[in-house]
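Per our numbering, the sequence shown starts with residue 1160, numbered consecutively.
These notes concern the structure reproduced below.
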Amino acid sequence: MRMLEEFFPEFTEKLDEIDKLYAENRPVDEKTYQFLCFALSIKARSKPCVLKHFKGALDAGATVKELSYILALTMREAAGADDCWTHDVIGDWKEIMKGNVCCSCSGDEEK
């Protein structure tokens, strides 16, 4: 965010406003909030956020055992989702092997 803070401070100010709005209207307790953010940070692969919410959860009364469970749950659910998504994408693998594939991101036309 340092670059954004320097070159687009209005954007980071709006993010701060959103954070304040979330805090004011949060329907869950702090520990639950930290658990959710910790799990989302793991899935997003954001090291600073994982560290922030790991510590935030501890400060909110969580135990390392609880955080280990959240980590395992996140990894398991992510693996399941990634597995299902990948199988959906390559479900027609026999057609892909024949070259009957369209990857619009590389400029291919629909076949």
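A virtual CB, placed ideally from N, CA and C, is assigned to each residue, including glycine.
Taking only the alpha-carbon atoms, compute the straight-line gap between residue i and residue j and give it to the nearest angstrom.
i	j	result
D1178	V1248	36 Å
D1241	A1182	31 Å
T1233	G1250	25 Å
P1186	E1225	21 Å
K1173	M1162	15 Å
K1214	K1253	47 Å
D1188	L1180	15 Å
A1237	P1207	20 Å
A1221	K1190	7 Å
F1194	A1203	14 Å
Count the other C-beta atoms from every protein chain shown that fall within 10 angstroms of the C-beta of residue i, then say buried if there are 16 or more, exposed otherwise.
i	result
D1246	One detail in the question is off: residue 1246 reads as His in this sequence, not Asp. Counting Cβ neighbours within 10 Å, H1246 comes out exposed, since fewer than 16 surround it.
I1229	buried
Quick check: the region 1162 to 1177 against the region 1196 to 1203, are at least 3 beta-carbon pairs closer than 8 Å?
Judged by Cβ distances under 8 Å, the region 1196 to 1203 makes no contact with the region 1162 to 1177, as fewer than three pairs qualify.
In chain order, each alpha helix (DSSP H) run of at least 4 residues that lies wholly inside the region 1163 to 1188
Entirely contained in the region 1163 to 1188, the alpha helix (DSSP H) runs reaching 4 residues are, in chain order, 1168 to 1184.
Extract the residue ranges of the alpha helix (DSSP H) inside the region 1185 to 1260, only unbroken runs of 4 or more that lie entirely within it.
Positions of the alpha helix (DSSP H) runs, each at least 4 residues long and wholly inside the region 1185 to 1260, are given as 1189 to 1203, 1206 to 1218, 1223 to 1248, 1252 to 1256 in order along the chain.
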